[in-house]
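Written out below as structure tokens is the structure these notes cover.
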Amino acid sequence: MDLADLPVRDIAIGRPGATAVFRRYKIDYCCGGEAPLSAAVVRRGANLEAILAELGALAASEPETPSAPAELIEHILERYHETHRRQFPEAIRLARRVEAVHGERPDCPIGLSQHLAFMFDDLETHHQKEELALFPMMLAGRRDGIDAPIMCMMDEHKDVLEQLAGLARITGDFAPPEGACTTWRALLELCRQIDADLREHMHLENNVLFAAFA
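Its first residue numbered 4, the sequence shown is counted upward by one per residue in this note's numbering.
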């Protein structure tokens with residue numbers, strides 16, 4: 004089925020990051036999310052082609068991962084560091100909304116927004132260490148004194164794994180409960196994508212980039 008013919012809520016649930024696009028164009032993806040995207044866009048007087056292009060970019064196929072350190076670092080910065088900086092604020096916003104609206108439900112992921120905010124703050128500190136210290140050392144070809152910062156980053160990756168375990172626990176392994184609204188479902192799908200992206204990110208650093216400097 005063409006993307007324009009899909010219900011807005013289905014796109015919001017199945018395409019992480021779509022909620023941010025819909026929010027920019029003031030397209031209702033929650034209570035009025037049963038409308039096809041084309042109809043919702045007409046209702047708002049928005050540009051369907053522009054919205055489809057933005058949604059299509061979210062699902063663009065990934066290029067082959069480079070192996071040369073300089074190219075790999077650039078890939079990590081663009082594909083993961085910048086992606087996390089987009090994902091977490093949106094996930095925190097959605098979590099706060101779900102907690103505020105559905106907080107009386109026993110299956111509401113209470114504490115999720117706080118957990119995500121803690122993860123984002125911790126991750127941003129980690130990113131800064133890489134961007135301002137470790138990656139410049141690697142790009143300069145330095146190997147003396149590089150073992151300690153690499154070990155520090157790998158130790159912090161273990162902390163991220165524990166945080167991801169907490170994320171899965173709070174969200175019930177990202178499975179939407181019966182009766183969950185579109186916002187709730189979109190939140191869980193975005194959390195699932197955060198989990199997948201962080202795991203791939205750490206794999207590339209630990210097993211490819213860092214290994215090249217061992």
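We put the CB at the ideal spot given by N, CA and C, even for glycine.
DSSP state of P139, grouped into three classes? helix
L80 versus Q90: straight-line alpha-carbon distance, rounded: 14 angstroms
Should G114 be labelled buried (16 or more other beta-carbon atoms within 10 Å of its own) or exposed? exposed
Hey, how far is the Cα of S70 from the Cα of A214? 11 angstroms
Is the CB-CB distance between T185 and R12 below 7 angstroms? yes
With a floor of 3 residues, list each beta strand (DSSP E) that falls wholly inside the segment 167-208, ordered by position along the chain. none
Under 7 angstroms between the Cβ atoms of I54 and A189? no
Locate the alpha helix (DSSP H) running through F121, then write down its first and last residues. L115 to K132
Going by C-alpha distance, which of P92, M122 and H87 is nearest Q166? M122
Among V104, S116 and A199, the one whose alpha carbon lies nearest that of V163: A199
Boundaries of the alpha helix (DSSP H) in which G15 is found, first to last residue: Checking the sequence, you will find Ala at residue 15 rather than Gly. It spans V11 to G17 - the alpha helix (DSSP H) in which A15 sits, taken as one unbroken run.
What first and last residue would you give for the alpha helix (DSSP H) that runs through G106? Run containing G106: none; DSSP gives neither H nor E here.
Can you tell me where the alpha helix (DSSP H) holding T22 begins and where it ends? A21 to R27
Candidates A136, H78 and C194: closest to L119 by CA position: C194
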